[in-house]
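Quick note: the sequence shown, position 187, residue 171 per the working numbering, numbers continuous. For every residue, glycine included, the Cβ atom is placed at its ideal position computed from N, Cα and C. Since this is a predicted model, take the numbers as computed values, not measurements. Worksheet: one structure, shown below.
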Amino acid sequence: MPTSASGEPGGERPVSGGLDVVTGAFSYSGAAIARGLLAAGRKVRTVTGHRGRAPSGTSIEARPLDFADPAGLAASMRGAGTLYNTYWVRFPRGPIDHQTAVANSRILFQAARDAGVRRIVHVSITHPSAASPYSYFRGKAEVERILAETGMAYAILRPAILFGGDGVLINNIAWLLRRLPVFAVGGTGAYRIRPVHIDDLARLCLAAGSSAETYTLDAVGPERPTFHELVCFIRGAIGSRSRVVRVPGALIPAAAEVLGWALRDTLLTGDEYRAMADGLADTDGPPTARGSVTQWITENKDSLGRRYANEVDRHFR
């Protein structure tokens, strides 16, 4: 079984009829995983901080994601074969930061072990490192270490940039291109990104859940556009007249903060921009997913960017 991005493992479908737990099954990646499990005939329970978002008529049983109640978390996972974990925080807000998310992940994994869960499939990030200058990537590396130390069977999937469904990044680039006369790209814009479709990530997670092996895999698609190329492709697809201009990279965090203030959102953090400019949203390995980001943009050009996707509203309000 591979320990890096060397192809999709297994390909088995989960045996139908059993119970699995998904964190955040009413959010983005968790929802895609839950749809795949339900389609495979699995029963799905979610532990979530947003039980009010459950769609009408859903068969997914919702329990609270309460890190202050480890015994309750364990009870919520008892009887499950696999925990599919998408829990993380994108950026610090209020008392919640990346180290809080690390501590919460430790509680979650221990609760899963106490509940007798057989396996954990964990969604991480490309290039996690304890030596990273970015707290997001340091935190992700620490969570991977904690997972390995549980002694449980596990698989780690490492996506970089997600697209598809109601994803934020590409939609909001399109939203800005539809409304601003100028779109600023930091530096040369030559840093590459490796997008993966959300449904491809879900398929990789389901294959990992049905495997008996412990492994780590980069979840990456077949295309590696530069950020400048991606923005220009979106601009052309939606028929925007916005000028795409290169500006000094140091200006991007400040510009994003001003736009975020106007939108009551966190559009892009300084660390997120610098990590992307450092190449951390790209990998050199072969693709492990098939979905084409340029094809998806072309197919969805009429709807992309019509409404702004507010990240703070989704997770904090």
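Just to confirm, is the Cβ distance from D4 to A64 under 8 Å?
The answer is yes: Cβ separation under 8 Å.
Find the nearest neighbour of P112 within the set R102, G123 and R103, judged by alpha-carbon distance.
Taking only the C-alpha atoms, the option nearest P112 is G123.
With a threshold of 6 Å on Cβ separation, who are the neighbours of A259 within its own chain once the five nearest residues in sequence on each side are excluded?
Within the same chain, A259 has close Cβ partners Y118.
Let me know the secondary structure DSSP gives N294 once reduced to three states.
Three-state result, N294: coil.
Just verifying my parser: in three-state terms, what is the DSSP assignment at K285?
Coil.
Along the chain, where does the beta strand (DSSP E) containing A168 start, and where does it finish?
Unbroken beta strand (DSSP E) run through A168: V166 to G170.
So for I218, helix, strand or coil by DSSP?
In the structure shown, I218 sits in a helix (DSSP, three-state: H, G or I).
What residues match up with T30 in a beta bridge as DSSP calls it?
T30 pairs with V6 and A46.
My output table needs one value for H212: the three-state DSSP class, helix, strand or coil.
Note: H212 maps to helix in three-state DSSP.
Report buried or exposed for V152, applying the criterion of at least 16 other Cβ atoms within 10 angstroms of its Cβ.
Looking at its Cβ environment, which holds 16 or more other Cβ atoms inside 10 Å, V152 is buried.
Can you tell me the Cα-Cα spacing of R26 and I140, whole angstroms?
Answer to the nearest angstrom: the Cα atoms are 21 Å apart.
Excluding sequence positions up to five away, which residues of its chain have a Cβ less than 7 Å from the Cβ of A293?
So the qualifying residues of the chain are D150, V152, N155 and N156.
Flag this pair as yes or no: are the beta carbons of G14 and T70 separated by less than 8 Å?
Cβ atoms of G14 and T70: closer than 8 Å.
With a threshold of 7 Å on Cβ separation, who are the neighbours of R74 within its own chain once the five nearest residues in sequence on each side are excluded?
Around R74: E295.
If you follow the alpha helix (DSSP H) that R163 is in, where does it begin and where does it stop?
L153 to R163 is the extent of the alpha helix (DSSP H) around R163.
Near V31, what residues of its chain come up, given a Cβ to Cβ distance below 6 Å and the 5 sequence neighbours on each side ignored?
Contacts found: T7, R47, L49 and S60.
Per DSSP, what are the beta-bridge partners of L141 in this structure?
V107 and L201.
When DSSP labels each residue in this structure, what does Y68 get in the three-state scheme?
Here Y68 sits in strand by DSSP.
Which value, in whole angstroms, describes the spacing of the CA atoms of H212 and P271?
Rounded to the nearest angstrom, the two C-alpha atoms are 21 Å apart.
Helix, strand or coil for G78 per DSSP?
In the structure shown, G78 sits in coil (DSSP, three-state: anything other than H, G, I, E or B).
Are the CB atoms of R187 and A41 within a distance shorter than 8 Å?
For the sequence presented, residue 41 should be read as Gly rather than Ala. No.
Any idea what DSSP makes of L188, helix, strand or coil?
If DSSP states are grouped into helix, strand and coil, L188 belongs with the helices.
Give the C-beta separation of A221 and T267 to the nearest angstrom, bearing in mind that I take them to be a contact with Cβ-Cβ under 8 Å.
Contact doesn't hold; Cβ gap of about 25 Å is too wide.
Taking the alpha-carbon positions, what's the V105 to G193 distance?
So the alpha carbons of these two residues sit roughly 6 Å apart.
Specify the secondary structure class of L251 as computed by DSSP and reduced to three states.
Coil, per DSSP.
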